[in-house]
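For reference, the structure is listed below as structure tokens.
Protein chains: 2
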Amino acid sequence: MSKKQELLKAAEDKVRSGGYSNFSFRELAKEVGIKSASVHYYFPTKADLGAELARQYTDNFMNLLGAPAKLKKTGKNPIKVYVTQFRRALLEDKKMCLCGLLGAETDCLPEKVKDETKRFFKLNLEWLQVAHKLNDPIDVEQKAANTLSLLEGAMMVSKAVGDNHFFDQATSWLE
Amino acid sequence: MSKKQELLKAAEDKVRSGGYSNFSFRELAKEVGIKSASVHYYFPTKADLGAELARQYTDNFMNLLGAPAKLKKTGKNPIKVYVTQFRRALLEDKKMCLCGLLGAETDCLPEKVKDETKRFFKLNLEWLQVAHKLNDPIDVEQKAANTLSLLEGAMMVSKAVGDNHFFDQATSWLE
DNA sequence: GTCTATAATTTGATAGAC
DNA sequence: GTCTATCAAATTATAGAC
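Just so you know, the protein sequences line up as chains W and Y, in that order. Counting in numbering that gives the first Met the number 0, the first sequence runs from 0 upward without gaps. Counting in numbering that gives the first Met the number 0, the second sequence runs from 0 upward without gaps.
This is the structure:
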């Protein structure tokens with residue numbers, strides 16, 4: 000992994016734990032074994048780092064999902080796959096969704112970070128609409144909004160109450 | 000309003016916009032017309048302020064709701080009332096739920112702030128279980144978890160995409 | 001690419017006067 | 001209750017050497 004990717008990975012952990020203000024160039028630098036001035040070589044400003052972090056997170060998240068139609072064709076329920084991906088992020092990483100946290104803080108984020116965060120949600124809503132349409136083509140817009148909100152909220156509350164079982168309880172009715 | 004309450008109100012706005020790290024004693028002091036050293040007279044540490052903020056927010060939130068049985072008796076659907084209270088917080092204050100944001104940041108919060116945040120969710124889940132039981136006494140625990148998650152998530156995503164209509168879309172199936 | 005050095009600002013917190 | 005004065009630490013960022 001390149002230094003640049005190491006920095007982004009370190010930043011991801013921090014942001015997913017405590018939000019945008021929970022990482023500093025000095026901390027990241029120390030974790031990857033360089034000096035904070037060198038971080039500015041890769042990312043001119045903190046906003047640049049934050050924006051690239053959200054962008055890569057989004058791209059990786061969508062790539063891991065794959066196309067709804069392809070999932071369906073291999074006998075899987077796309078919505079189930081979607082739920083499982085959120086569940087894994089919570090249980091394995093033991094952390095919030097990066098863009099969930101950033102989304103909640105949106106009013107205080109630099110413009111370019113805000114834009115990338117918004118992009119995450121737009122792409123997820125599109126994906127969910129297509130996925131729902133494959134199951135039952137009625138009210139897909141509402142269903143997509145409902146599914147996404149429920150999963151983000153379930154992650155958040157699970158973290159808050161310190162109980163992963165809560166996530167399964169909250170999402171038990173998702174087809 | 001006392002200086003202490005003015006400080007808490009100013010802090011609430013900051014936290015609901017950008018999280019726990021988005022307020023400082025100096026900023027709060029300036030907003031209410033005193034010096035930062037004087038803020039320490041009311042709240043010895045930042046964690047003390049944060050904890051009292053979450054506690055008052057919770058108490059106020061529960062008081063505004065009232066008892067589910069009482070709502071039912073006056074011809075209202077308690078769940079509808081509950082949804083409306085979240086909706087108002089988003090549309091009128093144009094801000095996230097205080098404890099929603101704190102909950103997402105929980106791993107990086109001082110212990111006493113974390114505890115008060117947890118209390119908010121525990122009380123809300125209790126309230127929702129009672130409320131759901133009045134409508135249909137089956138699966139009330141799942142229903143409570145589902146309702147709370149959906150509302151917190153819908154607030155979060157609405158903020159992120161900058162569209163209040165999203166909230167209504169996501170929550171349209173809540174009875 | 002990485003460093004040293006440093007600037008300018010902000011932060012939480014305390015001591016002690018009034 | 002509120003102030004001045006101050007501290008130690010952390011923050012984002014830049015200039016310039018190697």
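Note that CB positions come from ideal geometry on N, CA and C, so glycine has one too.
Taking 7 Å as the cut-off, the beta carbon of W/V14 is found no closer than this to the beta carbon of W/F24. Residues of chain W with a Cβ closer than 7 Å to the Cβ of Y/E115 do not exist, since the nearest Cβ in that chain sits about 11 Å away. Listed along chain W, no residue sits closer than 8 Å to Y/S1 by beta-carbon distance, the nearest being about 27 Å off.
Distance from the CA of W/V156 to the CA of Y/S35, rounded to the nearest whole angstrom, comes to 33 Å. Pairing W/L101 with W/T116 gives a Cβ-Cβ distance under 7 Å. Listed along the chain, the chain Y residues whose CB falls inside 9 Å of the CB of W/A130 amount to none; the nearest CB is some 16 Å away. Counting along the chain, no alpha helix (DSSP H) covers W/I33, and no H or E run does either. It is roughly 7 Å from the alpha-carbon of W/A130 to the alpha-carbon of W/A68. Taking 7 Å as the threshold, the shortest C-beta distance from W/Q141 to chain Y falls below it. Take the alpha-carbon of Y/K2 and the one of Y/L89: they are about 26 Å apart. Ranked by how close their Cα comes to the Cα of Y/E174, the residues Y/L127, Y/T73 and Y/M154 have Y/L127 in first place. At a Cβ-Cβ threshold of 7 Å, W/A46 and W/K111 count as neighbours. For W/M154, the three-state secondary structure derived from DSSP is helix.
Interface flag for W/D106 against chain Y is set, since a Cβ pair is found closer than 7 Å. At a cut-off of 7 Å between beta-carbon atoms, Y/V82 makes no contact with chain W. Per the Cβ contact rule, the stretch 153-171 of chain W is in contact with the stretch 137-144 of chain Y (3 or more Cβ pairs under 8 Å). Residue Y/Y81 holds the alpha-carbon nearest to the alpha-carbon of Y/S148 among Y/A10, Y/Y81 and Y/L108.
At a cut-off of 7 Å between beta-carbon atoms, W/A159 makes contact with chain Y. Interface with chain Y (7 Å Cβ-Cβ cutoff): W/V156 is included. When the five nearest sequence neighbours on each side are left out, the beta carbons in the same chain lying within less than 7 Å of the beta carbon of Y/L150 are those of V82, F85 and T170, in order along the chain.
By the C-beta density criterion, Y/M95 is buried, having at least 16 other C-beta atoms within 10 angstroms.
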